[in-house]
Amino acid sequence: MLIALFGLFSLTYLFIINSMTNALCVQKEIPAERQPKIFRTINILLTILLTSTFVELWFV
Numbered sequence: 015m016l017i018a019l020f021g022l023f024s025l026t027y028l029f030i031i032n033s034m035t036n037a038l039c040v041q042k043e044i045p046a047e048r049q050p051k052i053f054r055t056i057n058i059l060l061t062i063l064l065t066s067t068f069v070e071l072w073f074v
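The sequence shown begins at 15 in our numbering and counts up by one.
Next comes the structure, spelled out in structure tokens:
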């Protein structure tokens with residue numbers, strides 16, 4: 015149950031953050047060739063954060 019709930023939360027959180035990142039790129043007029051690097055960096059950092067949170071919840 016915890017895995018399914020956390021998975022749903024994680025997917026929702028990633029979708030919201032990616033939507034906000036896209037809005038930032040549009041608002042600041044960031045060139046299209048730089049946008050994939052920005053999205054990749056943010057998604058990697060969020061994945062690390064969510065993985066460490068899951069490990070903490072699972073093993074504590």
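Ideal Cβ placement from N, Cα and C applies to all residues, glycine included.
Between residue i and the rest of its own chain, which residues show a CB-CB distance below 8 Å, the 5 nearest in sequence each way excluded?
i	result
PHE73	none
LEU71	LEU16 and PHE20
LEU38	ILE44
Does the Cβ-Cβ distance between residue i and residue j come in under 7 Å?
i	j	result
ILE56	THR26	no
SER24	LEU64	yes
PHE68	PHE20	yes
Alpha carbon to alpha carbon, what distance is there between residue j and residue i?
i	j	result
LEU28	LEU60	7 Å
GLN49	ILE30	17 Å
ILE62	LYS51	17 Å
ILE58	GLU47	18 Å
For residue i, which of helix, strand or coil comes out of DSSP?
i	result
VAL74	coil
ARG48	coil
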